[in-house]
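Trainee: Submitted below is the structure of interest, expressed as C-alpha cells.
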Amino acid sequence: MESDEAQGTAPAAAAADVSTTVDPVGAPPAVVPSTSPSTDASASASPAMAAEARLHALETKTAMWKEAVATQLNDASRKNKKLREELRAVREEMDAALGDLRVQLTDEFHERTAMQREELAALTTQAALLREEKKAMAAAHEAELQRARVQLRELIQLEVETNYKRKDEQWSKEMTALQTRAEAKETEKVQAEHECEVLKMRLNRLGAQYEELASLLQPKGGEGSSAPSQASDGLDEAAGLHIQGPARQQTAVNAAFTQQLESMKAELQSKEQHTQFVLDRAKQEHEAEKSQLLRELQLREEELKVAHTLLKQVQVESSGYQQRVSHAQTEKQALEQRYAAKVAALNAKLAERVQVVEEAQVVTKRLQEQLRTAQQQVATLEEESIMREEAFHSLMLSEDDKRVVMELQRAVQTARDEAEAWKMQYYTALSSPPNGAKTATGDRGGTPSAIQEGGRSSGGRDGGEAALSTAASPAVETNHNNRDGASPHAVPAAAVRTPQAWHEQLAAKEASLEAHAAQLERKAHLLDAAEAKLNDMRRSLASQASILLQQQKGGRRERNSDNGVVFREGKDGGGLVEESEHEMLGASPIISTAASLLPSTWHGSLRALETQRRRLHLPGSCRCMFCFFSGGGNSGAPLRLRRDPFVFTLIVILFVMLIIVVSAM
Numbered sequence: 001m002e003s004d005e006a007q008g009t010a011p012a013a014a015a016a017d018v019s020t021t022v023d024p025v026g027a028p029p030a031v032v033p034s035t036s037p038s039t040d041a042s043a044s045a046s047p048a049m050a051a052e053a054r055l056h057a058l059e060t061k062t063a064m065w066k067e068a069v070a071t072q073l074n075d076a077s078r079k080n081k082k083l084r085e086e087l088r089a090v091r092e093e094m095d096a097a098l099g100d101l102r103v104q105l106t107d108e109f110h111e112r113t114a115m116q117r118e119e120l121a122a123l124t125t126q127a128a129l130l131r132e133e134k135k136a137m138a139a140a141h142e143a144e145l146q147r148a149r150v151q152l153r154e155l156i157q158l159e160v161e162t163n164y165k166r167k168d169e170q171w172s173k174e175m176t177a178l179q180t181r182a183e184a185k186e187t188e189k190v191q192a193e194h195e196c197e198v199l200k201m202r203l204n205r206l207g208a209q210y211e212e213l214a215s216l217l218q219p220k221g222g223e224g225s226s227a228p229s230q231a232s233d234g235l236d237e238a239a240g241l242h243i244q245g246p247a248r249q250q251t252a253v254n255a256a257f258t259q260q261l262e263s264m265k266a267e268l269q270s271k272e273q274h275t276q277f278v279l280d281r282a283k284q285e286h287e288a289e290k291s292q293l294l295r296e297l298q299l300r301e302e303e304l305k306v307a308h309t310l311l312k313q314v315q316v317e318s319s320g321y322q323q324r325v326s327h328a329q330t331e332k333q334a335l336e337q338r339y340a341a342k343v344a345a346l347n348a349k350l351a352e353r354v355q356v357v358e359e360a361q362v363v364t365k366r367l368q369e370q371l372r373t374a375q376q377q378v379a380t381l382e383e384e385s386i387m388r389e390e391a392f393h394s395l396m397l398s399e400d401d402k403r404v405v406m407e408l409q410r411a412v413q414t415a416r417d418e419a420e421a422w423k424m425q426y427y428t429a430l431s432s433p434p435n436g437a438k439t440a441t442g443d444r445g446g447t448p449s450a451i452q453e454g455g456r457s458s459g460g461r462d463g464g465e466a467a468l469s470t471a472a473s474p475a476v477e478t479n480h481n482n483r484d485g486a487s488p489h490a491v492p493a494a495a496v497r498t499p500q501a502w503h504e505q506l507a508a509k510e511a512s513l514e515a516h517a518a519q520l521e522r523k524a525h526l527l528d529a530a531e532a533k534l535n536d537m538r539r540s541l542a543s544q545a546s547i548l549l550q551q552q553k554g555g556r557r558e559r560n561s562d563n564g565v566v567f568r569e570g571k572d573g574g575g576l577v578e579e580s581e582h583e584m585l586g587a588s589p590i591i592s593t594a595a596s597l598l599p600s601t602w603h604g605s606l607r608a609l610e611t612q613r614r615r616l617h618l619p620g621s622c623r624c625m626f627c628f629f630s631g632g633g634n635s636g637a638p639l640r641l642r643r644d645p646f647v648f649t650l651i652v653i654l655f656v657m658l659i660i661v662v663s664a665m
C-alpha cells in the first residue's frame with residue numbers, strides 16, 4: 001500500500017510547476033528566481049545547457065521528494081504498526097479485564113443469588129411459622145367464641161328463668177290480692193244481705209204491730225175491716241158528735257198514732273227502696289267485679305300457659321345444650337387423651353433426638369479435639385519452619401540480602417493487608433444497602449489496581465515464599481471455614497408450643513449438626529491434604545538435600561569480600577578443625593544459633609564470619625530472630641532442633657530458593 005501511494009504521488013509531483021516546488025519535509029514552497037536579461041542572452045546562447053541543468057535540478061528535487069515521502073511513509077507505517085500493537089494490547093487487556101469482570105459479576109451474582117435464596121428460605125420459614133401461629137390464634141379465637149356463646153346462652157336461660165320466677169311471684173301476689181278483694185266483696189255482700197234481712201224483720205215486725213193496732217182500733221160490731229179513711233171519718237164524726245169527754249182524747253191519740261204509722265210506713269218504704277237500690281247496685285258492682293276478675297283470671301291463665309310453653313321450650317333447649325356440653329366434654333377428654341398420647345410419643349422422640357444430639361455433640365467434641373490437636377501440630381510445624389527459616393536467613397544471608405528479604409516480606413505483608421482490606425470492603429459493600437454499596441465501591445476504586453500493581457511488582461519476589469506458605473495454607477483455610485461456618489442455621493431460642501414447631505426446631509438442629517459434621521469432615525480432608533503436602537515436601541527436601549550433599553562433598557564454602565560464595569577443594573576431605581561448643585559462647589546470637597544448628601565441621605567458617613563481623617562492626621542479630629534466639633552466651637536454637645538432618649535439608653533448600661529469588665530480581 002505504501003509503494004502504491006509513493007507511485008501515485010510521484011506523477012503528481014512531476015506535473016507540478018517548476019517555479020514552485022514542495023519541500024519534502026513540509027517546508028514552505030521554494031520560489032525559483034526569475035531570469036535577468038543577461039541570463040536570457042546566455043540562455044539563448046546555450047539553450048541546451050539550461051534545459052539540462054533545469055532537468056537535472058528537477059530530477060534531484062524529485063528524488064529528494066521521493067526519499068522524503070518514503071521516509072514519511074515508513075514513519076507512518078511504523079507508527080501504524082505500533083498503534084496496531086498498542087490497540088491489540090489494549091484490546092487484550094480490555095478482554096482480560098472484561099473476563100475478570102464477568103467472573104467477578106458471575107461470582108457476585110451467585111453470591112447474591114445464594115444470599116437471596118437464604119433470605120427467601122428464612123422468609124418462607126417465618127411465613128410458615130406465622131401461618132401456624134395464625135391457625136393457632138384462629139382456633140383459640142373460635143374456642144373463645146364457642147365458650148362465649150355457651151356462657152351467653154346460659155345467661156339468657158338464667159335471665160328467662162328469673163323473669164318467669166319474678167312474674168310468677170307477681171302473678172301470685174296479684175291473685176292473692178284479688179282473692180282478698182273477692183272475699184271482702186263477699187263479706188260486704190253478706191253484710192248487706194244481713195242488713196236487708198234485719199230491715200225485713202223490722203218491717204215485718206212493724207207490719208205486725210200495725211195490724212195489731214189496726215185490729216185494736218176497729219170496733220167490735222163493725223163491718224169488719226174498713227179503710228183507714230172510714231175510721232178517720234168516723235173518728236171525726238165522733239169527735240164532732242162528742243166534743244167533750246174522753247172520746248176526744250182517744251180520737252186525738254188515734255189520729256197521732258195514725259200519722260205516726262203513716263210516717264213509719266213512708267220511712268219503711270223509703271228505706272226498703274233505698275235498701276233495694278243499694279242491694280241492686282252492690283249486685284251490679286259484684287257482677288262487674290266478678291266478670292272483670294274472671295277476665296283477668298283467664299288472661300293470667302293464658303299468660304301462664306304461654307309462660308309454661310316457653311319454659312318447656314327453654315328446658316328443651318337447655319337439655320340440648322347440656323347434651324352438647326356433655327358431648328363436647330367427652331370430645332375434649334378424648335382430645336386430651338389423644339394429645340397426651342401424642343405428647344408422650346413426641347417426648348419419646350425428643351428424648352431419642354436429644355440422645356442422638358448428645359452423641360453427635362460427643363462426636364463433635366472428639367472431632368474438635370482432634371482438629372485442635374492437628375491445628376496445634378500444624379502451628380508447631382509452622383513455628384519450627386519459621387524458626388528454621390529465620391535461623392537460616394540470619395546465618396547465610398548478608399546484610400544487603402537480609403534487607404532485601406525484609407523488604408520483600410514487608411511488601412508481601414502489605415499486599416496481603418491490602419488484599420484483606422479490599423476483601424473486607426467488598427463483603428461490607430455486598431452486605432450494605434445500595435447507597436452504601438455505591439459509596440464503598442467509589443472509595444475503594446483504586447484498591448484492585450493497586451493490588452494488581454503490587455502483585456506485578458512483587459511477582460518475581462514471591463517465588464521463594466510460595467513453598468513456605470503451602471504449609472500454612474490449610475490452617476488459614478481452616479480458620480476461614482471456622483469463621484464462615486459459625487452457626488449457619490440459627491435455631492430460635494423462643495419457647496415453642498406446637499409439635500410442628502418442635503419438629504422444625506429438631507430438623508434445624510439436625511441440619512446444623514449435619515452441616516457441622518460436613519464441615520469437620522472437610523477440615524479433616526484439608527488436614528489430610530496438608531499432611532500429604534508436608535510429607536511430599538519432606539520427601540522432596542530429603543531428595544534435594546541428598547543431591548546437594550553429594551555435590552558439596554568435594555568442596556567447602558567461604559565468603560569473599562563481595563559476600564560471594566566459592567568452593568575450595570581440599571585433600572583433607574572438607575573437614576575443619578573441630579572445637580567444642582563453649583568456644584562459640586562469645587559469638588553473636590546468629591552465629592551461636594548457626595553453630596547450634598549446623599554440624600561441627602562448619603564451626604571454623606562460623607568463627608571466620610564472627611571475626612569478619614567484629615572487624616566490620618556489623619550487627620550481630622536480626623529483629624526477626626532476636627525474639628526467638630535472644631540471650632547471652634547460652635542463646636541458640638532449642639536442643640530438639642540441633643543436629644537434625646531435616647533442619648539441615650530445609651536450610652539448604654531455603655538457601656537454594658533464596659538464590660533463585662535473588663537471580664530472578
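For the record, in the sequence shown the residue sitting at position 566 is 566 according to the UniProt record's numbering, with numbers rising by one throughout.
No residue lacks a Cβ here, since even glycine has one placed at the ideal position from N, Cα and C.
How would you call Ser457, buried or exposed, if buried means at least 16 neighbouring beta carbons within 10 angstroms?
Mentor: Counted from its first residue, the sequence shown places residue 457 at position 457. Bear in mind that a pLDDT of 40 at Ser457, under 50, signals an unreliable position, so the number given afterwards is only what the model happens to contain. Ser457 is exposed by the Cβ-count criterion.
Trainee: Suppose you measure from the CA of Arg205 to the CA of Glu195; what does that come to, to the nearest Å?
Mentor: By 1-based counting over the sequence shown, the position of residue 205 is 205. By 1-based counting over the sequence shown, the position of residue 195 is 195. Those two C-alpha atoms are separated by around 15 Å.
Trainee: Expressed to the nearest angstrom, what Euclidean distance is found between the alpha-carbon atoms of Glu267 and Leu199?
Mentor: Taking the first residue of the sequence shown as position 1, residue 267 is located at position 267. Taking the first residue of the sequence shown as position 1, residue 199 is located at position 199. When rounded, the distance between both Cα atoms is 12 Å.
Trainee: Please say whether Trp171 and Arg300 have beta carbons closer to each other than 8 Å?
Mentor: Residue 300 sits at position 300 when you count from the first residue of the sequence shown. Residue 171 sits at position 171 when you count from the first residue of the sequence shown. In this structure, Trp171 lies closer than 8 Å to Arg300 by Cβ.
Trainee: Do Phe277 and residue 742 have their beta-carbon atoms positioned less than 8 Å apart in this structure?
Mentor: Because the chain spans 1 through 665 in this model, residue 742 falls outside it and cannot be assessed.
Trainee: Taking the straight line between their C-alpha atoms, what separation do you get for Leu98 and Gln368?
Mentor: By one-based count along the sequence shown, residue 98 stands at place 98. By one-based count along the sequence shown, residue 368 stands at place 368. Cα atoms of Leu98 and Gln368: separation of roughly 43 Å, rounded to the nearest angstrom.
Trainee: Do Gln505 and Glu132 count as a contact pair if the criterion is CB distance below 8 Å?
Mentor: Position 132 of the sequence shown, counted from the start, is the residue given in the question as residue 132. Position 505 of the sequence shown, counted from the start, is the residue given in the question as residue 505. Contact flag unset, no.
Trainee: Would you mind sorting Glu384 into buried or exposed? The rule is 16 or more other CB atoms within 10 Å of its CB.
Mentor: Position 384 of the sequence shown, counting from 1, holds the residue named residue 384. Burial call: buried.
Trainee: Can the beta-carbon of Tyr164 be found closer than 8 Å to that of Leu335?
Mentor: One-based indexing of the sequence shown puts residue 164 at position 164. One-based indexing of the sequence shown puts residue 335 at position 335. No. Outside cutoff.
Trainee: Under 8 Å, do Lys189 and His286 count as touching if we go by C-beta distance?
Mentor: Taking the sequence shown and counting its residues from 1, the one referred to as residue 189 is at position 189. Taking the sequence shown and counting its residues from 1, the one referred to as residue 286 is at position 286. Against a cut-off of 8 Å, the Cβ pair of His286 and Lys189 comes out as a contact.
Trainee: Can you tell me whether Leu105 is buried or exposed, with buried defined as 16 or more other CB within 10 angstroms of its CB?
Mentor: Counting from one through the sequence shown, the residue named residue 105 turns up at place 105. Classification for Leu105: exposed.
Trainee: Where Leu61 and Glu86 are concerned, what is the direct C-alpha to C-alpha distance, given to the nearest angstrom?
Mentor: Numbered from its first residue, the sequence shown carries residue 61 at position 61. Numbered from its first residue, the sequence shown carries residue 86 at position 86. Just to set this straight, residue 61 is Lys in the shown sequence, not Leu. Rounded to whole angstroms, Lys61 to Glu86 spans 37 Å at the Cα level.
Trainee: Suppose the cutoff is 6 Å on Cβ atoms and the five residues either side in sequence are ignored; what does the same chain contact list for Thr611 look like?
Mentor: On the sequence shown, residue 611 is found 611 positions in, with the first residue counted as 1. Result list for Thr611: empty, nothing under 6 Å.
Trainee: Is the beta carbon of Leu513 closer than 8 Å to that of Leu371?
Mentor: Counting from 1 along the sequence shown, the entry for residue 371 is found at position 371. Counting from 1 along the sequence shown, the entry for residue 513 is found at position 513. In this structure, Leu513 does not lie closer than 8 Å to Leu371 by Cβ.
Trainee: Below 8 Å between beta carbons: does that hold for Val314 and Gln157?
Mentor: The residue given as residue 314 occupies position 314 in the sequence shown. The residue given as residue 157 occupies position 157 in the sequence shown. Their beta carbons are under 8 Å apart, which means Val314 touches Gln157 by this criterion.
Trainee: Output the distance between the C-alpha atoms of Glu352 and Leu346, rounded to the nearest integer angstrom.
Mentor: Stepping through the sequence shown from its first residue, residue 352 is reached at position 352. Stepping through the sequence shown from its first residue, residue 346 is reached at position 346. Rounded to whole angstroms, Glu352 to Leu346 spans 10 Å at the Cα level.
Trainee: Helix or strand or just coil, what does DSSP make of Ile653?
Mentor: Within the sequence shown, numbered from 1, the residue matching residue 653 stands at position 653. Helix.
Trainee: Taking the beta carbon of Thr251 as the centre, do at least 16 other beta carbons fall within 10 Å, making it buried, or is it exposed?
Mentor: Here residue 251 corresponds to residue number 251 of the sequence shown, with the count starting at 1. Flag for Thr251 reads buried.
Trainee: Buried or exposed: which applies to Val90, given that a residue is buried once 16 or more other Cβ atoms fall within 10 Å of its Cβ?
Mentor: The residue you call residue 90 lines up with position 90 of the sequence shown. With fewer than 16 other Cβ atoms within 10 Å, it is exposed.
Trainee: For Lys167, which residues from the same chain have a beta carbon less than 6 Å from its beta carbon, with the 5 sequence-adjacent residues on both sides left out?
Mentor: Locating residue 167 in the sequence shown gives position 167, counting from the first residue. Scanning its chain for C-beta atoms nearer than 6 Å, with the 5 sequence neighbours on each side dropped, one finds no residue around Lys167.
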